[in-house]
Every structure is written in C-alpha cells, then in structure tokens.
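Written below as structure tokens is the structure these notes are about.
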Amino acid sequence: MSQHTSLKGSSKIKMRRNVMKRYERIDLMLKRGQIKKDGVPAYGLPKTKPEE
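Everything in the sequence shown is counted per this note's numbering, starting at 433 for the first residue and increasing by one.
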C-alpha cells in the first residue's frame, strides 16, 4: 500500500514562503537600513518582501 501524499516528509517540499516571521522581517529591515536597532516598533511593523 502506498503512503498518502500528506504524510510525506517535508524534505521534498521546496516551496518559497511568502510570509516572514517577525524576527526575519526585523533582521531584513535592519540589513536594508530601513529601521534602526533602537527604533524597532512594538506594533505596526511594515510589510516586507523576502529577498529573492
């Protein structure tokens, strides 16, 4: 009997994520120079596109 497709390992899934976690967005914006380390807002962080 074959294995159901939803139970296969995640190593075969190579899709690009289009949603970034908060810490990833902050790191990317710091690298781009859009925000300063002291001025990271608690709320209202702007949306960013991941690097391609």
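C-beta atoms are modelled at their ideal positions from N, C-alpha and C, and glycine is treated no differently.
Quick caveat: nothing in here was measured; it's all calculated off a predicted structure.
* Asked: Are Pro482 and Met461 close, meaning C-beta to C-beta below 8 Å?
  -> As a working mapping, residue 482 is identified with position 50 in the sequence shown. As a working mapping, residue 461 is identified with position 29 in the sequence shown. Against a cut-off of 8 Å, the Cβ pair of Met461 and Pro482 comes out as no contact.
* To do: Since I believe Arg457 is in contact with Leu477 (beta carbons under 8 Å), could you give me their beta-carbon distance rounded to a whole number of angstroms?
  => Within the sequence shown, residue 477 is the residue found at index 45, counting from 1. Within the sequence shown, residue 457 is the residue found at index 25, counting from 1. That belief holds up - the Cβ atoms of Leu477 and Arg457 are roughly 6 Å apart, short of 8 Å.
* To do: Return the first residue and the last residue of the alpha helix (DSSP H) that Glu456 is part of.
  => Translated into positions along the sequence shown, residue 456 becomes position 24. If you look at Glu456, you'll find it in the alpha helix (DSSP H) that goes Arg454 to Arg464.
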